[in-house]
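To convert, take the position in the sequence shown, counting from 1, and add 651; that gives our numbering.
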Amino acid sequence: MVTFLTQLIDGIRLGSVYAIIALGYTMVYGIAKMLNFAHGDVIMVGAYICFFAISSYHLPPLIGILLAMLLCTVLGIVIERLAYKPLRQATSLAVLITAIGVSYFLQNGAQLLWGANNKMFPSIIGGDALTLFDGQLHVSMATIVTIVACLVIMAVLTWFTGNTKMGKAMRAVSEDKGAAQLMGINVDTTISVTFAIGSALAAVAGVLYMCSYPILVPTTGSMPGIKAFTAAVFGGIGSIPGAFLGGILLGVIEIFAGTYISTQLANAIVFAVLIVVLLVKPTGLLGKQVREKV
């Protein structure tokens with residue numbers, strides 16, 4: 652029983668990171684109707700910025716995280732303005748190829764700037780572990796912080812999109828860009844803000860991911876980025892609650908598969924579950940069926 656709870660908590664922790672990353676994918680797709688495959692590499696950039704802020708400049712971890720969020724926000728806006736905005740009317744294939752190109756550009760740029768050698772990310776979340784069941788179950792402070800951060804981010808983002816002027820503009824652009832523009836909404840600014848929020852969250856997710864897997868390399872964001880995209884599709888891409896649900900379920904499935912079946916087959920099982928879900932419900936668990944009039 653204790654072993655099961657330990658694995659469940661570890662899965663929720665990993666799933667919380669996937670959920671935060673998935674928000675970037677789901678928001679950009681929901682509003683701009685494009686897949687930003689460079690999002691995973693923004694995670695890597697955020698982790699590197701925080702790493703050097705802490706290890707080289709000896710800044711407090713919180714300052715390092717805030718600096719990573721700020722610079723990743725600027726990076727997200729620059730990427731959107733330079734790479735994606737000129738392709739607003741282009742085909743989906745052109746945008747997809749551009750996103751892959753931006754991804755490789757960020758990976759190789761990071762390798763040139765910071766080298767390809769492994770770097771050990773410092774432990775930035777201290778504190779005593781929470782002890783339950785007479786000392787049989789230990790929940791680390793990093794796990795608690797990660798789960799709480801995910802819940803807070805989800806709650807704030809849900810409130811933001813439902814109650815603020817910019818959030819309502821995002822929902823309007825998501826429904827119909829043309830109609831939103833006719834109503835006076837600046838579509839370009841709205842999409843840029845979406846990229847900014849997603850990139851800031853990517854920085855947070857990158858740091859939290861490093862707390863679990865502290866080996867930092869230029870390709871750090873590739874695998875969690877792919878899995879987070881899978882989580883977004885799993886839950887229903889374009890849906891914030893779907894990103895949360897998909898991330899948590901994916902993390903739990905991955906941990907349970909690695910523990911009770913095979914660590915080598917864990918990734919394969921994750922993607923196999925996704926295929927089964929999409930065969931049964933192609934829009935994802937919380938996705939909505941969209942009917943197009945011809």
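Just so it is clear, CB atoms sit at the ideal spot from N, CA and C, and this is done for glycine as well.
Here the structure is a predicted model, which is why all the values come from computation and not from measurement.
Exercise. In whole angstroms, what separates the C-alpha of Thr654 from that of Ile798?
Worked result: Take the alpha-carbon of Thr654 and the one of Ile798: they are about 19 Å apart.
Exercise. DSSP state of Met771, grouped into three classes?
Worked result: The answer is strand: DSSP assigns Met771 an E or B state.
Exercise. How about the region 729-743 and the region 707-718: do they share at least three Cβ pairs that are nearer than 8 Å?
Worked result: For the pair of segments examined, the region 729-743 was found not to touch the region 707-718: the number of CB pairs separated by less than 8 Å stays below three.
Problem set entry | Where Thr782 falls: helix, strand or coil (DSSP) | Here DSSP, grouped into helix, strand and coil, assigns Thr782 to strand.
Exercise. Out of Arg664, Gly662 and Ile671, which has the shortest C-alpha to C-alpha gap to Ala853?
Worked result: Ranking the options by Cα distance to Ala853, first place goes to Ile671.
Exercise. Expressed to the nearest angstrom, what Euclidean distance is found between the alpha-carbon atoms of Leu783 and Gly777?
Worked result: Taking the CA atoms as reference points, Leu783 sits about 18 Å from Gly777.
Exercise. Using CA coordinates, which residue listed in Arg822, Leu747, Ala673 and Leu757 is at the minimum distance from Cys801?
Worked result: Measuring from the Cα of Cys801, the nearest candidate turns out to be Ala673.
Exercise. Taking the C-alpha atoms as reference points, what is the distance between Asn918 and Ala698?
Worked result: Between Asn918 and Ala698, the C-alpha separation is close to 23 Å.
Exercise. Going along the chain, which residues of its own chain have a beta-carbon closer than 7 Å to the beta-carbon of Ile660, five neighbours each way excluded?
Worked result: Contacts found: Val790 and Thr794.
For this session: Express the C-alpha separation of Phe907 and Ala767 in angstroms, rounding to a whole number.
Result: Between Ala767 and Phe907, the C-alpha separation is close to 32 Å.
Exercise. Hey, is the region 687-696 in contact with the region 810-825, meaning 3+ C-beta pairs nearer than 8 Å?
Worked result: With contact defined as three or more Cβ pairs closer than 8 Å, the region 687-696 and the region 810-825 are not in contact.
Problem set entry | Per-residue burial, Ile663 [other beta carbons within 10 Å of its own, 16 or more giving buried] | Within a 10 Å sphere around the beta-carbon of Ile663 sit 16 or more other beta-carbons, which makes this residue buried.
Problem set entry | Candidates Met805, Asn769 and Val838, of which the one nearest Met817 by Cα | For the options Met805, Asn769 and Val838, the alpha carbon positioned closest to that of Met817 is the one of Val838.
For this session: Kindly indicate which three-state DSSP category Val838 falls into: helix, strand or coil?
Result: DSSP places Val838 in the helix class (H, G or I) of the three-state scheme.
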